[in-house]
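A.B. asks: If you're matching them up, the sequences are chains A and X in order. To convert a position in the first sequence, counted from 1, into my numbering, add 682. To convert a position in the second sequence, counted from 1, into my numbering, add 409. All C-beta atoms in this analysis are idealised placements derived from N, C-alpha and C, irrespective of residue type, glycine included. Because the structure is a prediction, the values reported are computed rather than measured. Please find one structure pasted underneath; my questions will follow.
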Amino acid sequence: MGTKIVSKIFLNPEHTVFEMIVEAPLIAKKAHGGNFIILRIDEYGERVPLTVADFDREKGTITMVIMAVGKSTTQLSKLEPGEQIVDFIGPLGNIAHIKKYENPVVFVGGGVGIAPCYPQAKDMKEAGNYVISILGARTKNLLFWEDKFKEVCDEVIITTDDGSYGKKGFVTDRLKELMQQRPLSHVIAIGPLIMMKFVSLLTNGENDEGLPKVPTTVSLNTIMVDATGMCGGCRFQTLHGETKFACVDGPDVDGHDVDFNNLFKRNSRFVRVEKNRLEKYNEQCKALEKYCEEQE
Amino acid sequence: MPKVEIIKERTPMPHLDAKIRAHNFKEVALGFTEEMALAEAKRCIQCKNRACVKGCPVEVAIPEFIALILEKDYRGALKKIKETNVLPAICGRVCPQETQCEQYCTLGKIKDSKPVGIGRLERFVADWDLTNPEEISPEDVYCEDVDDDRVKVAIIGGGPAGLTCAGELANLGYSVTIFEAFHKTGGVLVYGIPEFRLPKDIVQKEIDQLKACGVKIEVNRVIGQILNIDDLREMGFEAFFIGVGAGLPVFLRIPGTELNGVLSANEYLTRVNLMKAYDPEYDTMVDLGKNVAVFGGGNVAMDSARTALRLGAEKVMVVYRRSENEIPARREEYEHAVEEGVEFHFLRNPTKIIGDDEGFVKAIEVLKMELGEPDASGRRRPIAQPGTEYILDVDLCIMAIGAKANPLLTKKTKNLKLNKWDYIEVNEKGQSVSIPDVFAGGDIVTGSATVISAMGAGKKAAASIHEFLTNQ
Ligand SMILES: Cc1cc2nc3c(=O)[nH]c(=O)nc-3n(C[C@H](O)[C@H](O)[C@H](O)COP(=O)(O)OP(=O)(O)OC[C@H]3O[C@@H](n4cnc5c(N)ncnc54)[C@H](O)[C@@H]3O)c2cc1C
Ligand SMILES: Cc1cc2nc3c(=O)[nH]c(=O)nc-3n(C[C@H](O)[C@H](O)[C@H](O)COP(=O)(O)OP(=O)(O)OC[C@H]3O[C@@H](n4cnc5c(N)ncnc54)[C@H](O)[C@@H]3O)c2cc1C
Ligand code: SF4
Ligand code: SF4
Ligand code: FES
Chain A
683 MGTKIVSKIF
693 LNPEHTVFEM
703 IVEAPLIAKK
713 AHGGNFIILR
723 IDEYGERVPL
733 TVADFDREKG
743 TITMVIMAVG
753 KSTTQLSKLE
763 PGEQIVDFIG
773 PLGNIAHIKK
783 YENPVVFVGG
793 GVGIAPCYPQ
803 AKDMKEAGNY
813 VISILGARTK
823 NLLFWEDKFK
833 EVCDEVIITT
843 DDGSYGKKGF
853 VTDRLKELMQ
863 QRPLSHVIAI
873 GPLIMMKFVS
883 LLTNGENDEG
893 LPKVPTTVSL
903 NTIMVDATGM
913 CGGCRFQTLH
923 GETKFACVDG
933 PDVDGHDVDF
943 NNLFKRNSRF
953 VRVEKNRLEK
963 YNEQCKALEK
973 YCEEQE
Chain X
410 MPKVEIIKER
420 TPMPHLDAKI
430 RAHNFKEVAL
440 GFTEEMALAE
450 AKRCIQCKNR
460 ACVKGCPVEV
470 AIPEFIALIL
480 EKDYRGALKK
490 IKETNVLPAI
500 CGRVCPQETQ
510 CEQYCTLGKI
520 KDSKPVGIGR
530 LERFVADWDL
540 TNPEEISPED
550 VYCEDVDDDR
560 VKVAIIGGGP
570 AGLTCAGELA
580 NLGYSVTIFE
590 AFHKTGGVLV
600 YGIPEFRLPK
610 DIVQKEIDQL
620 KACGVKIEVN
630 RVIGQILNID
640 DLREMGFEAF
650 FIGVGAGLPV
660 FLRIPGTELN
670 GVLSANEYLT
680 RVNLMKAYDP
690 EYDTMVDLGK
700 NVAVFGGGNV
710 AMDSARTALR
720 LGAEKVMVVY
730 RRSENEIPAR
740 REEYEHAVEE
750 GVEFHFLRNP
760 TKIIGDDEGF
770 VKAIEVLKME
780 LGEPDASGRR
790 RPIAQPGTEY
800 ILDVDLCIMA
810 IGAKANPLLT
820 KKTKNLKLNK
830 WDYIEVNEKG
840 QSVSIPDVFA
850 GGDIVTGSAT
860 VISAMGAGKK
870 AAASIHEFLT
880 NQ
């Protein structure tokens with residue numbers, strides 16, 4: 683008994699970003715944009731939170747887009763279709779708030795954060811909104827799902843840090859242009875913390891350029907254990923001095939009320955340990971490969 | 410009446426040596442041998458008024474099972490206990506006996522005499538059974554292939570309350586399914602109470618016995634998220650028992666709780682117990698500290714402190730705002746912690762956690778307290794002594810200052826009446842006062858209590874569910 687992997691596709695030549703579809707009918711039935719799942723690869727695995735990037739209620743599948751950054755995500759990237767994941771829990775967290783707004787709704791997706799924007803963009807479109815997506819990546823190779831977004835958005839703006847595709851620059855540059863051009867009703871930003879921080883600073887109505895305030899939702903990826911509000915490991919500070927739990931109060935929260943500086947620190951909690959873990963795992967993988975080659 | 414012989418001293422419990430055990434996760438209390446059990450059983454004077462039974466929340470037939478031990482009928486003793494307590498191997502280990510059964514034992518009332526070691530005897534009988542398993546004939550148990558026209562009952566939460574309720578209902582012939590949020594069943598027994606106090610294979614054996622009785626267990630099901638009670642009703646479940654515990658961590662409201670190296674006991678213990686962070690085979694990470702401060706004085710604080718020692722801390726301090734007399738922990742755990750080298754800083758209250766530039770804890774500030782008049786809980790209230798603050802070097806802080814009701818499920822269950830602390834309001838039968846087919850028990854009704862009281866609530870609710878479904 684486990685959760686079967688239906689497909690795995692690498693989205694970049696370096697094989698660090700991949701889309702994984704798994705069979706989880708019950709979860710697929712209930713999932714919405716904004717939700718996440720937790721998986722444990724095997725008996726020795728840790729609990730890894732990943733956002734629901736798409737779902738198919740009929741086929742009973744859940745799609746995730748994952749970046750291999752450490753031990754667990756690297757191990758996950760090596761699993762093949764047909765293999766099983768021992769634990770798969772969800773849907774967790776709150777459902778994204780969807781409604782009809784007067785002015786355009788803008789999604790800002792950075793890196794793997796592009797993926798979780800998709801189901802929300804789709805729902806926003808269905809709710810009758812004018813939807814604009816700004817998809818940003820470091821370089822062309824790391825960009826994915828452009829076509830999928832084009833199907834559900836009125837406008838898709840691409841930007842890369844190095845200019846290898848779309849416009850050169852950061853997602854915030856593009857967002858600023860939009861804000862200067864026309865009124866916007868809502869911004870949803872999902873991506874690296876630093877990106878979400880700068881988007882929130884741009885939209886909070888307190889910047890030098892006199893840009894208007896635009897309500898902004900960000901998706902927090904704090905370090906988690908249970909994701910049911912039981913451990914408090916995922917806690918973050920609001921600018922009002924409150925402590926909240928990302929797993930049950932979020933993961934989507936008001937970007938204008940997040941103490942990002944504290945969050946940077948909290949997410950570096952295990953940095954030293956994690957690095958050794960990945961090195962050890964890579965060594966083991968190499969040793970295993972070598973052994974297999976020798977046997978042949 | 411023949412004169413009874415009073416043996417004042419208890420048979421000592423063998424323990425792992427404190428210096429050695431403080432560095433491993435092996436069980437600390439080793440359990441009685443048969444000779445020891447017989448010697449201790451002999452101390453019971455079989456009181457007519459069965460004083461001890463009144464102290465036990467589920468009224469285990471104490472004198473009767475002890476009499477059976479003396480006859481060396483250990484299986485009989487076990488059956489006697491199991492009439493009211495389905496998890497004796499666990500209760501024998503973790504019940505706070507000194508405030509329950511043993512507090513009322515007649516022998517304890519005699520000058521210089523100690524109560525009978527009821528918990529230890531209970532553990533002996535249960536362990537004996539686990540090492541000498543009974544040949545069970547198929548007729549004795551409900552098999553897994555029982556035809557499923559039986560009435561379906563859903564149990565939400567696989568802690569002691571839920572497990573007990575499930576077991577009772579299975580024996581009454583219901584088709585029972587437990588829905589558990591974590592990947593393992595057991596509740597606090599698996600994620601909270603550490604291996605060195607309650608080996609996890611003992612909990613697992615009890616759970617396996619339930620499965621053998623036909624109880625179905627669905628792990629990884631966070632009810633309120635994947636399914637709610639309305640969904641379950643639609644799936645054909647006719648009654649519901651909510652036993653989701655009191656799992657909301659409490660953090661002190663002092664500056665610095667956002668720092669790395671400050672964590673709830675829930676998180677710390679879950680990483681170590683459920684996720685086995687102490688075993689290098691596992692990927693789980695946990696914060697390691699050289700100088701550890703644990704805030705609180707209950708079982709959770711003792712477990713956290715002793716866990717920190719075992720993970721290699723050089724110095725572990727329990728900081729508690731009242732005095733030694735007020736600590737709510739089981740006496741035995743406190744004594745074990747002292748033997749193992751945990752330092753106790755009584756009458757101290759943390760006022761500030763101080764961090765370094767990278768956001769990690771480096772020290773705490775504590776304030777001296779004095780005891781004043783008793784408060785509502787009957788314990789003397791600690792009073793702050795302003796100006797007495799001082800700094801302690803600490804690189805890990807664990808908050809073990811209590812838990813509250815986790816609202817995840819209760820808030821998502823329409824019309825479920827909660828009290829002002831967000832615990833579920835039930836009548837004397839354990840039935841929700843607002844939704845007739847919903848029953849509840851354990852910590853989500855009472856707030857943090859004990860394993861045996863949660864079990865008692867599960868058992869009571871099972872009887873009420875049976876009554877409810879029969880009269881329907
Ligand atoms: C609600 C939620 C949704 C998420 N959704 C996605 C997703 O859709 N796709 C995806 O690729 N990742 C997602 N993440 C992040 C993902 O869970 C982590 O990258 C993963 O747990 C890292 O595990 P690891 O063992 O591979 O790396 P580790 O060895 O644990 O860490 C490697 C590096 O990643 C950093 N890191 C560790 N945990 C996190 C975290 N929770 N968030 C950010 N950085 C972290 C570490 O500081 C370290 O630098 C999500 C996290 C949360 C909490
Ligand atoms: C560290 C620690 C040490 C303790 N030591 C002792 C001791 O020595 N002696 C003693 O008598 N008592 C002790 N206690 C207290 C005792 O463990 C509890 O009172 C008892 O476990 C309560 O049982 P319960 O069944 O109500 O809840 P829990 O044991 O908390 O179990 C609740 C279960 O429900 C699950 N759950 C929660 N939400 C959901 C959901 N939405 N859907 C599905 N499942 C859900 C949880 O994952 C959990 O498995 C200790 C507690 C702790 C934390
Ligand atoms: S269940 Fe607990 S309180 Fe009751 S007799 Fe056994 S040890 Fe004592
Ligand atoms: S009160 Fe003590 S001595 Fe009397 S029956 Fe109970 S255990 Fe035995
Ligand atoms: S992950 Fe444990 S409370 Fe949020």
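Quick one: Cα of residue 602 of chain X to Cα of residue 942 of chain A, how far?
C.D. replies: The residue given as residue 602 of chain X occupies position 193 in the second sequence. The residue given as residue 942 of chain A occupies position 260 in the first sequence. So the two alpha carbons sit approximately 35 Å from each other.
A.B. asks: Using a Cβ-Cβ cut-off of 9 Å, state whether residue 592 of chain X counts as contacting chain A.
C.D. replies: To locate residue 592 of chain X, count along the second sequence from 1; it is residue 183. Yes, residue 592 of chain X lies at the interface with chain A (some Cβ there is under 9 Å from its Cβ).
A.B. asks: If we define contact as Cβ-Cβ less than 9 Å, is residue 891 of chain A a contact residue for chain X?
C.D. replies: Counting from one through the first sequence, the residue named residue 891 of chain A turns up at place 209. Chain X, which has no Cβ nearer than 9 Å to the Cβ of residue 891 of chain A, makes this no.
A.B. asks: Only counting runs of 4 or more residues, tell me where the alpha helix (DSSP H) segments fall wholly within the region 707-737 of chain X, in order along the chain.
C.D. replies: Whole alpha helix (DSSP H) segments, 4+ residues: 708-719.
A.B. asks: Can you tell me where the beta strand (DSSP E) with residue 799 of chain X in it begins and where it stops?
C.D. replies: Taking the first residue of the second sequence as 1, we reach residue 799 of chain X at position 390. Counting along the chain, the beta strand (DSSP E) containing residue 799 of chain X begins and ends at 799-802.
A.B. asks: Based on the DSSP secondary-structure assignment, which residues constitute the bridge partners of residue 868 of chain A?
C.D. replies: For the purposes of this step, residue 868 of chain A is identified with residue 186 of the first sequence, where counting begins at 1. DSSP, once it has assigned bridges, lists A:787 as partnering residue 868 of chain A.
A.B. asks: Quick check: the Cα distance between residue 552 of chain X and residue 736 of chain A, rounded to an integer number of angstroms?
C.D. replies: Counted from its first residue, the second sequence places residue 552 of chain X at position 143. Counted from its first residue, the first sequence places residue 736 of chain A at position 54. Low confidence applies to residue 552 of chain X: its pLDDT is 48, below 50, so where it sits in the model is not reliable, and the reading given next is rough at best. One C-alpha to the other measures close to 40 Å.
A.B. asks: Less than 6 Å between C-beta atoms, sequence neighbours within five positions excluded: which residues of the same chain meet that for residue 797 of chain A?
C.D. replies: On the first sequence, position 115 is the one that residue 797 of chain A refers to. Excluding sequence neighbours, residue 797 of chain A sits near 735, 747.
A.B. asks: Check whether chain X comes within 9 Å of residue 863 of chain A, counting only Cβ atoms and requiring the distance to be less than that.
C.D. replies: Stepping through the first sequence from its first residue, residue 863 of chain A is reached at position 181. Not an interface residue.
A.B. asks: Are the CB atoms of residue 687 of chain A and residue 740 of chain A nearer to each other than 9 Å?
C.D. replies: Mapped onto the first sequence, residue 687 of chain A falls at position 5. Mapped onto the first sequence, residue 740 of chain A falls at position 58. No. Outside cutoff.
A.B. asks: Would you be able to state if there are at least three C-beta pairs under 8 Å between the region 513-520 of chain X and the region 454-472 of chain X?
C.D. replies: Output reads yes: the region 513-520 of chain X touches the region 454-472 of chain X.
A.B. asks: With a cut-off of 8 Å, do at least 3 Cβ pairs link the region 829-849 of chain X to the region 533-545 of chain X?
C.D. replies: Too few Cβ pairs lie closer than 8 Å, so no.
A.B. asks: Would you mind sorting residue 590 of chain X into buried or exposed? The rule is 16 or more other CB atoms within 10 Å of its CB.
C.D. replies: Counting from one through the second sequence, the residue named residue 590 of chain X turns up at place 181. That one is buried.
A.B. asks: Grab the span of the beta strand (DSSP E) containing residue 764 of chain X for me, first residue to last.
C.D. replies: Looking up residue 764 of chain X in the second sequence gives position 355. Taken as a continuous stretch (DSSP letters only), the beta strand (DSSP E) holding residue 764 of chain X covers 757-764.
A.B. asks: Just checking residue 909 of chain A against ligand 5 - is the residue's beta carbon closer than 8 Å to any of the ligand's heavy atoms?
C.D. replies: As a working mapping, residue 909 of chain A is identified with position 227 in the first sequence. Flag set: Cβ of residue 909 of chain A near ligand 5.
A.B. asks: Compare the Cα-Cα distances from residue 477 of chain X to each of X:530, X:498, X:522 and report the closest residue.
C.D. replies: Along the second sequence, read from residue 1 onward, the residue named residue 477 of chain X stands at position 68. When only C-alpha atoms are compared, the closest one is X:530.
A.B. asks: When DSSP builds the beta bridges, which residues end up paired with residue 702 of chain A?
C.D. replies: Position 20 of the first sequence, counted from the start, is the residue given in the question as residue 702 of chain A. The partner list for residue 702 of chain A (beta bridge, DSSP) reads A:690, A:746.
A.B. asks: CA-CA distance, residue 366 of chain X and residue 773 of chain X?
C.D. replies: Because chain X spans 410 through 881 in this model, residue 366 of chain X falls outside it and cannot be assessed.
A.B. asks: Using the three-state DSSP reduction, which class does residue 862 of chain X fall into: helix, strand or coil?
C.D. replies: By 1-based counting over the second sequence, the position of residue 862 of chain X is 453. Residue 862 of chain X: helix per DSSP, three-state reduction.
A.B. asks: DSSP beta-bridge partners for residue 648 of chain X?
C.D. replies: Taking the first residue of the second sequence as position 1, residue 648 of chain X is located at position 239. Answer by DSSP bridge pairing, in chain order: X:562.
A.B. asks: When every heavy atom of ligand 1 is checked, does at least one fall within less than 8 Å of the C-beta of residue 959 of chain A?
C.D. replies: Within the first sequence, the letter at position 277 stands for residue 959 of chain A. Yes, Cβ of residue 959 of chain A sits closer than 8 Å to a heavy atom of ligand 1.
A.B. asks: Mind pulling the beta strand (DSSP E) runs of 3 or more residues that sit fully within the region 819-845 of chain X?
C.D. replies: Fully enclosed beta strand (DSSP E) runs of 3 or longer: not present.
A.B. asks: Would you kindly report the start and end of the unbroken beta strand (DSSP E) that includes residue 418 of chain X?
C.D. replies: In the second sequence, residue 418 of chain X corresponds to position 9, counting from 1. Segment: none, residue 418 of chain X is in no beta strand (DSSP E) and carries neither H nor E.
A.B. asks: For residue 494 of chain X, verify whether its CB is less than 8 Å away from any heavy atom of ligand 3.
C.D. replies: One-based indexing of the second sequence puts residue 494 of chain X at position 85. Residue 494 of chain X Cβ: within cutoff of ligand 3.
A.B. asks: 9 Å is my cut-off, CB to CB: does residue 912 of chain A come that close to chain X?
C.D. replies: Position 230 of the first sequence, counted from the first residue, corresponds to residue 912 of chain A. Cβ-Cβ to chain X under 9 Å: yes for residue 912 of chain A.
A.B. asks: What alpha helix (DSSP H) runs, 4 residues minimum, are completely inside the region 834-869 of chain A?
C.D. replies: Here the runs fully enclosed are 853-863.
A.B. asks: For the beta strand (DSSP E) that residue 464 of chain X lies in, which residues bound it at each end?
C.D. replies: In the second sequence, counting from the first residue as 1, residue 464 of chain X sits at position 55. From DSSP, residue 464 of chain X is part of no beta strand (DSSP E) but of the alpha helix (DSSP H) over 460-464.
A.B. asks: Write down the C-beta distance between residue 698 of chain X and residue 717 of chain X rounded to the nearest angstrom, noting that I regard them as a contact closer than 8 Å.
C.D. replies: One-based indexing of the second sequence puts residue 698 of chain X at position 289. One-based indexing of the second sequence puts residue 717 of chain X at position 308. With a Cβ gap of about 6 Å, residue 698 of chain X and residue 717 of chain X count as contacting.
A.B. asks: Mapping the DSSP letters down to three states, classify residue 541 of chain X as helix, strand or coil.
C.D. replies: Numbered from 1 along the second sequence, position 132 holds the residue referred to as residue 541 of chain X. Residue 541 of chain X falls in the coil class under three-state DSSP.
A.B. asks: Find the nearest neighbour of residue 921 of chain A within the set A:944, A:970, A:773, judged by alpha-carbon distance.
C.D. replies: Along the first sequence, one-based indexing puts residue 921 of chain A at 239. Selected option, being the one with the closest Cα: A:944.
A.B. asks: Which ranges does the alpha helix (DSSP H) cover as unbroken runs of at least 4 residues, wholly within the region 465-534 of chain X, from first to last along the chain?
C.D. replies: The region 465-534 of chain X contains these whole alpha helix (DSSP H) runs: 471-479, 483-491, 497-503, 510-513, 515-518.
A.B. asks: Helix, strand or coil, according to DSSP, for residue 740 of chain A in the structure here?
C.D. replies: Within the first sequence, the letter at position 58 stands for residue 740 of chain A. Three-state DSSP puts residue 740 of chain A in coil, outside helix and strand.
A.B. asks: Of all Cβ atoms in chain X, is any one closer than 9 Å to the Cβ of residue 823 of chain A?
C.D. replies: Within the first sequence, numbered from 1, the residue matching residue 823 of chain A stands at position 141. It does not: the Cβ of residue 823 of chain A has no partner Cβ on chain X nearer than 9 Å.
A.B. asks: Beta-carbon of residue 735 of chain A versus every beta-carbon of chain X: anything under 9 Å?
C.D. replies: As a position in the first sequence, residue 735 of chain A is number 53, starting the count at 1. No, residue 735 of chain A lies away from the interface with chain X (no Cβ there is under 9 Å from its Cβ).
A.B. asks: Residues of chain X with CB under 7 Å from residue 708 of chain A, in chain order?
C.D. replies: In the first sequence, the residue the question calls residue 708 of chain A occupies position 26. Result: 635.
A.B. asks: Return the chain-ordered list of same chain residues with a C-beta closer than 6 Å to the C-beta of residue 722 of chain A, the five sequence neighbours on each side being excluded.
C.D. replies: In the first sequence, the residue the question calls residue 722 of chain A occupies position 40. Within the same chain, residue 722 of chain A has close Cβ partners 729, 768, 769.
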